[in-house]
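Student: Going by our numbering, the sequence shown runs without a break in its numbering and finishes at 923.
Where a beta carbon is used, it is the ideal one built from N, C-alpha and C, also for glycine.
This is the structure I have questions about; it appears just below.
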Amino acid sequence: MNLTSRHRTNRLKLLYQVFYLILFFIHDIYGQLQYSVLEEMKRGYVIGNVAKDLGLNIDDLSNRRFKLVSQTNKQYCDVNLENGDFIVSDRIDREKLCEIKPNCFINLEAVIENPLNFYTITIEIQDVNDNAPIFSKKEFDLEISEVTLPGTHFALGNAQDPDLGTNSIQSYTLSGNENFGLGEKTTTDGIKYPEIILKKSLDREKQSFYELTLTALDGGNPQKSSTATVKIVVQDFNDNLPLFTQDTYHIRLHENAAIGSIVIQLNATDEDEGSNAQITYSFSHISESARQLFTIDSLHGDIKVIGKLNYEAIDAYVITVEAKDGGGHVAHCKVSIQVVDVNDNAPDITITTLSTSIPEDSPPGTVIALLNVRDLDSGINSEVACHISDTLAFQLIPSSSSYYKLVTASSMDRERNPSYNVTIQCMDIGSPPLSTNKTFQLNISDVNDNSPVFEKMNYIVYIGENNQPGTSIQSVCATDLDCDENGKISYSILNSNVEEIPVSSYISINSISGVIYAQRSFDYEQLREFQFQVMAKDSGSPPLSSNVTVRICIIDKNDNAPKILYPSPDTEGSALFEFIPHSAEKGYLVTKVIAVDADSGHNAWLSYHLLQVPDPTFFTIGQHTGEIKTSRDIKDTDILRQQIVVLVHDNGVPSLSCTVSVNLVVAENFQQIVPEIRRQPNKSNSSSNATFYLVVSIAFISILFIFTVLTTIVLKCRKSNVPTAYGSYSRNVYPQFTLGCPSEISDTSLPFPFSYDVCVTLDSKQNEIAYLKPVQNVPTDNLIDTDESIVAIEASKNDLNSSNSNQQAQPNADWRFSQAQRPGPSGAQPTEEAGVWPNNQFETERLQAMILASANEAAEGTSGLGGGTGTMGLSARYGPQFTLQHVPDYRQNVYIPGSTLTPTNAGGKRDGKGGGNKKKSGKKDKK
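See below:
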């Protein structure tokens, strides 16, 4: 045995072992049923009850998806799922199915799912007498020599009956004739051939032609018959018959035999001579299917292939060949052709159950398809092995000898693979092997297993105040890897409050596009920032969602003009006065203009400028502090009463401003200035020295101006970091800052309080006038525990009444401040103005807040300075004329210097009157 044969033998052994192993595992789900039925039974004939025979309930047939699978192209039987009857569904012709085979069977396969079971149903087809005998030809021609001796046998062609047993041909009869009788010749195969037996010698001269009727009878009930005509021509003598070497020839022919190839070459001999020995060959009996495949050479007896053989259709043919000599004698033989199978059929894959789509959350082991694999070849050529190509997501599990289950081998993920092209390849083990591929698409349906994801972790939105309601301010966007409804996202705002107001009153969101709109116009002075959460929710079941924080930062705009706190603009009509003592020297602090701006940042950085002043050389104002000081010593020629206009300008774009008028009087007190005011309009008649003093003053002023210019240049070179002069009201006095959310920059504390002295004057109406002046050299780190106290001075009503006399009385000495507290040169005053501003915008706000809080407390009478009449309170300057309805409350963490009290919001006193009224002009009191 060569190596190839040994390898093939080992492979066959291995395959048989695998086959028996599979049969062992499926033994518990495999069974066999066998029925018998007569052919030609009408449709609907009940053969048996499958449910009863299998031990199943009638409902199980439908619930478990019972189905029959036929191994032929035609379904002859079926099962009624309502009652389980096994019925005939189509005409059954045994002769057509099995031809000459003595036993005829129909094999069916029954498949039951959930759980999976397989059964083989074998139906035996029993023969009935449905076919009459048929002669190969209608006429038989015999030529009998007249010298033929009685008793001579002349063979005739036999009749064929496809039926079996007693339904087949049982006998022949011949119409009556005294010269001829009927005989039968039985071959070794049991086939009967009729023969004409000559009873009497023939005399051609008497009768040269005979016509007899040959009848073939079967044994069925009712009996059927067929006739043929036997024509006998009496001829001259021919006493030898053709003779074949054997009665039956057995041939094995491969189904891939080429057309034109010789199957067998028959040879019959005849010992006669001449025309009596000349033999011709023909098919005596051949089926219609064989006639399409084979032909015979009438002269040489060669049987050839003329069609394509198919083992799977018919695997055997039987042909009767007749040899006839020239004298009319014939001989017969039978040729049995056995078709040998070759591997010419690829496996056939049939998908009996298929799921074209499965959800992505299907567990491993989910059945996708049930496959039936058949190979029409036989033997080793029909053994098939199947596998899945190029995928690890699925597994092919054999369920029986011809069924496979395609199941999932792992979890599915639609977002990674929305569909699979599954290719199943089956290959037989013939030589050469043949294979078949079956490809189908499996779609993975989506389930809601992905939450929406925002493109950002959080959103920070900057929007300027005074925006239009309905303005689109931001768009949030979330994506969802799921599809269709599971990936359809809607947006909503989670309920929350901003300062006890629902956030929905501030903003709204488009549920489809995610665009956020402002519901109202924002005011930076009321609300600087707020945050809320936006939820993105898909439309799956159950829905999934995620949240993102949106932070709205409102950007300040310069929409608030500066507000003058002191001196109050509401009292300009009543002529408020600031007193400058005659002893005041250069740098004396006259008063301080206090203003605040409700805006923030550089929009609230204020600068102070003298807009109108009678004598520009007399007064200066701190550009950043608002402190009005004398720029030189007081001269006797100076006007005792002057009015200056102060302009307060913010640093916004566009810049906003306001003005206030300040009345200044050079006098020690109000009583002292009344006579001078009265005499001031009366000019002196003696002006002889006026020209001299004027020339001297001009020269002194010129020298002082040159010295001031040089000093200013030197100081500017040394202090380049000091802000430049306001110049033509430039708006770039303060640097611009990049705006951001307040919570990102400041903690809103106020660490820069300032200390101010208070000076009070009294008029004839017993009203008090006060102003604030910074206390010099006072530490700012602990303003609560300061040792300095502000002395309260109370003016006598009698002294006030003395203002009606021509000479004013000297004010009471109790009225004055201590040397350290007294404004002017006697106080501890710095020689330079502090020009450095806070480092950021919020420090400026703190400074403004401190000043405003101090003024509010004075107006409300809650500070330690006192607010009653005769006390040294601030209510004289901050009375009911000054209200804070449009200014934010900055009073937290603010301390009033010289007091141990923390300012509080005396809600009921803001609109009430203070302890005293503002100072009125002396002209009003003069009567």
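#1: List the endpoints of the continuous alpha helix (DSSP H) containing Ile630.
#2: Is Gly303 helix, strand or coil by DSSP?
#3: Pop quiz: Tyr400 and Leu392 are said to be a contact at Cβ under 8 Å. What is the actual Cβ separation, rounded to whole angstroms?
#4: Pick helix, strand or coil for Thr621, following the three-state DSSP scheme.
#5: Quick check on DSSP: helix, strand or coil for Leu262?
#6: How should Gln156 be labelled, buried or exposed, when 16 other C-beta atoms within 10 angstroms of its C-beta is the threshold for buried?
#7: Start and end of the beta strand (DSSP E) containing Cys382?
#8: DSSP puts Lys188 in a beta bridge; with which residues?
#9: Using the Cα positions of Leu636 and Asp519, report the straight-line distance between them to the nearest angstrom.
#10: Using the DSSP secondary-structure output, state which residues sit across from Cys713 in a beta bridge.
#11: Taking Leu607 as the reference, which of Trp601, Gln619, Asn599 and Ala600 has the closest Cα?
#12: Using only the alpha-carbon positions, how far apart do Phe615 and Thr707 sit?
#13: Assign Gln30 to one of two classes, buried (16 or more other C-beta atoms within 10 Å of its C-beta) or exposed (fewer than that).
#14: Report buried or exposed for Pro465, applying the criterion of at least 16 other Cβ atoms within 10 angstroms of its Cβ.
#15: Given a cut-off of 8 Å, decide if Ile315 and Phe290 are closer than it, judged by their beta-carbon atoms.
#16: So what's Tyr689 in DSSP terms, helix, strand or just coil?
#17: Specify, as a first and last residue, the run of the alpha helix (DSSP H) that Ile255 falls within.
#18: What residue does the alpha helix (DSSP H) around Cys94 start on, and which one ends it?
#19: Taking the CB atoms as reference points, tell me whether Asp593 and Asp552 lie closer together than 8 Å.
#20: Does DSSP put Thr475 in a helix, in a strand, or in coil?
#21: Exposed or buried, which one is Asn433 when buried takes at least 16 other CB atoms within 10 Å?
#22: Within a Cβ cutoff of 6 Å, which residues of the same chain sit near His250, ignoring the five residues on either side of it in sequence?
#23: Would you identify the three-state DSSP class for Arg516, choosing helix, strand or coil?
#24: In whole angstroms, what is the alpha-carbon distance linking Asn110 and Arg60?
#25: Which residues in the same chain have their Cβ closer than 8 Å to the Cβ of Val494, if we skip the five residues on either side of it in sequence?
#26: Using the rule of at least 16 other Cβ atoms within 10 Å of the residue's Cβ for burial, across every protein chain shown, is Ile302 buried or exposed?
#27: Counting only beta-carbon separations shorter than 8 Å, does Gly375 have a partner in chain B?
#28: One question on the structure: do Val423 and Val380 come within less than 8 Å of each other, judged by their Cβ atoms?
#29: Straight-line CA distance for Thr467 to Asn491?
#30: For His325 versus Asn263, is the C-beta spacing smaller than 8 Å?
#31: Which same chain residues, not among the five before or five after His246, have their C-beta less than 6 Å away from its C-beta?
#32: Would you say Asn173 and Leu198 are within 8 Å of each other, going by their C-beta atoms?
#33: His605 and Ile590: beta carbons closer than 8 Å?
#34: Rounded to whole angstroms, what is the Cα-Cα separation between Glu284 and Tyr313?
#35: Below 8 Å, can you find three or more Cβ-Cβ pairs linking the stretch 126 to 134 to the stretch 212 to 226?
#36: When you compare only the Cα positions, how much space is there between Glu574 and Asn462?
Tutor: A quick look at the data gives this:
#1: Where Ile630 is concerned, there is no enclosing alpha helix (DSSP H), given that its DSSP letter is neither H nor E.
#2: coil
#3: 5 Å
#4: coil
#5: coil
#6: buried
#7: Val380 to Ile384
#8: Thr182
#9: 47 Å
#10: Looking at the DSSP assignment, Cys713 forms no beta bridge with any residue, so it has no partner.
#11: Gln619
#12: 18 Å
#13: exposed
#14: exposed
#15: yes
#16: helix
#17: Counting along the chain, Ile255 falls outside any alpha helix (DSSP H), and DSSP gives it neither H nor E.
#18: Arg90 to Cys94
#19: no
#20: strand
#21: exposed
#22: Val336 and Val338
#23: coil
#24: 6 Å
#25: Tyr502, Leu523, Phe526 and Phe528
#26: exposed
#27: Here there is only one protein chain, and chain B is not present.
#28: Looking at the sequence shown, residue 423 is not Val but Met. It is a contact, given that the beta carbons lie within the stated cut-off.
#29: 21 Å
#30: no
#31: Ser332
#32: no
#33: no
#34: 11 Å
#35: yes
#36: 40 Å
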